[in-house]
Each structure stands twice: as C-alpha cells, then as structure tokens.
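In order, the protein sequence lines correspond to chains P and Z.
So the first sequence is numbered by this note's numbering: it starts at 9 and just counts up by one.
So the second sequence is numbered by this note's numbering: it starts at 275 and just counts up by one.
First the structure, in the form of structure tokens, and then the observations on it.
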Amino acid sequence: MQEALCSLFVFAGGLLAGHFGPENHLFQVLPTVLLLLLTFVVGVELSTDRSYFSEIKKHSFWVFALPLLIAAGSLLGALLANLLVRNTSLKGSLLVSASLGYYSLASIFISTQYSAVVGGIALLSNIMREIITLLLAPTLVRYFGPFAAIASGAATAMDITLPTIRKAGGTEAVYPALLTGMVLTLLVPILLTLLIRL
Amino acid sequence: MLYVFFSIFVGVAAGLLLQHRPALRQRIIRSMRPLVLMLLVVLGINLGANPMVWEHFGALGWSSAVLAVCSVAGSIVVGSLYQLLPNRKRKG
C-alpha cells in the first residue's frame with residue numbers, strides 16, 4: 009500500500025515538474041533507456057527462482073489456465089469499460105487492461121510505442137488495481153472464492169500483493185499466486201505488442 | 275518492440291551467469307525500485323508537459339478508475355472458471 013501511494017506521489021511530482029518546469033528533449037529519449045534497463049532487471053529477477061518448475065510438475069499444466077483466464081477476463085472488462093467511458097478508444101482500453109497490474113513496465117511501453125496519454129491512464133488505472141487488491145483481498149476471497157484475490161492482483165500476485173493474497177487465501181494460494189504472477193509478467197509485453205499491432 | 279523481449283532474455287541469461295555471484299545479482303534486482311521511481315518521474319514529466327492532459331484531467335482520472343474496476347471484475351469472474359476445471363492437481 010505504502011509503495012503504491014509512494015508511486016502515485018512520485019508520478020504526481022513528475023506531472024507538476026513537467027507542467028511548470030522547462031522543456032528538455034532528454035525526457036523524450038529517457039523512457040526507452042529506462043524501459044530497457046527495467047526489462048533487463050525483470051529478466052535477472054525471473055532467473056533467480058526455479059521452484060516454479062517443480063510446482064508446475066506437481067500441479068500439472070492446468071495451473072497455466074488460471075493466468076490465461078485472468079488475462080482474458082481483464083480484456084473482457086476493457087470491453088465493458090469502453091461502453092461506460094467514451095473518451096478512450098477500444099484499443100486504448102484494451103491496452104490499459106492488458107497491463108494486468110504491471111504498471112511500471114506497461115505504462116512506459118504504451119507511452120513509447122502507442123500514446124503518452126493512454127500510458128498515463130495505464131499507470132493510474134493499474135495503481136488503482138493494486139490498491140483495490142491490497143484493500144479488498146479478504147472480501148474478494150470471501151465472496152468470490154479462493155482465486156479472486158489472485159485474479160485481482162494479476163501480475164502483482166508474485167510480489168507486491170503476495171502477502172495480502174496469502175493472508176486472505178491461506179498458504180495454498182501462494183504457489184498459484186507466484187505462478188500466475190510469473191506467467192502474467194511474461195505475458196504483458198507479448199499482449200501489449202500484439203494489441204498495438206492490431 | 276522486439277528489443278523488450280531481447281532485453282528480458284539478456285536479463286535471464288545474465289541472472290543465470292551470475293548465479294555464483296548472488297550479492298551482485300541481488301544488487302541488480304534491488305535497483306528495480308529506484309528504476310521504477312525514475313520511470314514514474316519521467317513519465318509524469320512527459321505527461322505534465324502535454325496541455326491536453328491538464329485540459330482533460332478529470333476525464334482521464336474517471337477513465338482510469340472505471341478501467342481498473344472493470345478489469346478487476348472481469349478477471350475475477352472469468353478467473354473463477356478455474357475452479358470448475360477438472361483434475362487441477364495431480365494425485366500422489
């Protein structure tokens with residue numbers, strides 16, 4: 009929660025600096041450089057934990073159905089949202105929902121490859137998604153079943169929202185959450201690339 | 275856009291090569307948070323310099339909230355189908 013709010017404040021500080029500060033062309037190039045550095049670090053982090061493979065063997069390949077269903081549901085949610093708000097294009101809405109909570113990578117990806125405004129919406133919307141998970145995980149599990157908190161956290165289920173998911177869904181929720189987070193972390197850039205090319 | 279996947283792949287390869295130097299690997303992983311914060315500042319600066327964002331600030335906030343709620347709801351509803359799948363866990 010603290011981390012999500014800190015991200016929000018830092019982003020708001022940047023917004024104000026951009027509005028009142030002088031223009032600098034360095035800020036046009038910097039996002040791509042930072043994106044490359046961030047994806048490199050994500051790769052290093054993914055290489056550290058190989059316990060996923062033994063869990064896949066134990067749970068069978070059905071375990072991959074959970075992240076795929078979560079991603080499909082998020083995209084269906086974008087279709088619904090597009091009926092309610094008309095100021096974002098369908099493609100923009102799909103890109104925001106396909107970010108699956110992974111706001112750092114997705115917002116910069118969308119900003120550099122599609123539109124800075126949609127990238128900003130992706131950032132805000134996915135920070136909100138994280139906050140919803142952190143605040144409502146126990147309620148979601150109580151009313152919608154053991155995987156609801158994982159579905160809500162999506163890609164963040166492997167890190168930021170994991171302690172909340174474990175508290176709400178018990179220890180049996182931990183490995184599905186880790187696997188879902190890992191699969192969705194890898195799926196986000198693939199989905200965004202496909203959607204941008206649509 | 276392929277460079278993003280290439281960068282992730284290089285990161286995984288570097289992580290595997292550095293498995294005998296866990297301190298250095300951890301230092302790289304810990305750089306993620308400062309990188310994300312830098313990224314948020316730069317993203318904010320680029321957006322803040324765009325007058326359209328300030329003109330439609332309320333609408334963008336509203337869109338973000340609706341998209342967040344609908345995405346979460348969609349993921350929960352479709353994700354709950356997972357419980358209906360047969361033979362999720364192997365026996366033994």
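Even glycine gets a Cβ: it sits at the ideal position worked out from N, Cα and C.
Beta-carbon contacts of P/Leu-186 that lie in its chain and below 6 Å, excluding the five residues immediately before and after: In chain order, Met-166 place their CB closer than 6 Å to the CB of P/Leu-186, counting only its own chain and leaving out the 5 sequence neighbours on each side.
In chain order, each alpha helix (DSSP H) run of at least 4 residues that lies wholly inside the segment 42-124 of chain P: Unbroken alpha helix (DSSP H) stretches of 4 residues or longer found wholly inside the segment 42-124 of chain P: 59-67, 73-92, 98-105, 111-121, given in chain order.
Candidates P/Thr-56, P/Ala-157, P/Ala-162, P/Arg-205: closest to P/Thr-172 by CA position: Nearest of P/Thr-56, P/Ala-157, P/Ala-162, P/Arg-205 to P/Thr-172, Cα basis: P/Ala-157.
Local Cβ density within 10 Å of P/Thr-120, reported as buried at 16 or more and exposed below that: Burial check for P/Thr-120: the Cβ neighbour count within 10 Å reaches 16 or more, so the residue is buried.
Bounding residues of the alpha helix (DSSP H) (the contiguous stretch that carries P/Thr-193): That run of the alpha helix (DSSP H) goes 182-205.
Which of helix, strand or coil DSSP assigns to P/Gly-21: Under the three-state reduction of DSSP, P/Gly-21 is assigned to helix.
Test item: CB-CB of Z/Val-343 and P/Val-93 under 8 Å: No. Outside cutoff.
At least 3 beta-carbon pairs within less than 8 Å: the segment 143-156 of chain P vs the segment 351-358 of chain Z: Touching, yes, given that three or more Cβ pairs across the two stretches are closer than 8 Å.
Whole-angstrom distance between P/Lys-175 and P/Pro-146, CA atom to CA atom: Cα to Cα, the separation comes out at about 8 Å.
Residue interval of the alpha helix (DSSP H) (run including Z/Phe-331): Element bounds for Z/Phe-331: 331-353.
C-alpha gap between Z/Ala-297 and P/Phe-35, whole angstroms: Their Cα atoms are separated by approximately 32 Å.
Short Cβ contact (8 Å threshold) for P/Leu-192 with P/Ala-163: Remark: C-beta atoms of P/Leu-192 and P/Ala-163 approach each other more closely than 8 Å.
P/Leu-170 versus Z/Val-327: straight-line alpha-carbon distance, rounded: Going by the C-alpha atoms only, they are around 33 Å apart.
Boundaries of the alpha helix (DSSP H) in which Z/Ile-303 is found, first to last residue: 296-304 is the span of the alpha helix (DSSP H), which, as asked, contains Z/Ile-303.
Proximal residues of chain Z, C-beta to C-beta of P/Val-196 below 9 Å: For P/Val-196, no chain Z residue has a Cβ inside 9 Å of its Cβ, as the nearest lies near 10 Å away.
Cβ neighbour criterion (16 or more within 10 Å) applied to P/Leu-43: It is buried - the Cβ of P/Leu-43 has at least 16 other Cβ atoms within 10 Å.
Z/Ala-297 at chain P interface by Cβ criterion, 8 Å: By this cut-off, Z/Ala-297 is not an interface position.
Proximity below 8 Å, CB of P/Asn-95 to CB of Z/Ala-333: One thing to note: P/Asn-95 has its Cβ within 8 Å of the Cβ of Z/Ala-333.
Residues near P/Tyr-151 in its chain [Cβ-Cβ closer than 8 Å; skip 5 each side]: So the list is empty, once near-sequence residues are dropped.
Three-way DSSP call (helix, strand, coil) for Z/Ala-287 in this model: Helix.
Within 9 Å of chain P by C-beta, residues of the segment 343-359 of chain Z in sequence order: So the list reads Val-343, Cys-344, Ser-345, Val-346, Ala-347, Gly-348, Ser-349, Ile-350, Val-351, Val-352, Gly-353, Ser-354, Leu-355, Tyr-356, Gln-357, Leu-359, given in the order they occur along the chain.
Integer-rounded CB distance, given that P/Ala-130 should sit under 8 Å from P/Ala-114: Going by Cβ atoms, the distance from P/Ala-114 to P/Ala-130 rounds to 5 Å, so yes, they are a contact pair.
Cβ of Z/Gly-332 within 8 Å of any chain P Cβ: Closer than 8 Å: no.
With 16 other Cβ atoms within 10 Å as the buried cut-off, status of P/Phe-19: Buried is the call here.
Rounded distance between the beta-carbons of Z/Gly-322 and P/Gly-244, thought under 8 Å: A question about residue 244 of chain P goes unanswered here, because the residues of chain P that appear run from 9 up to 206.
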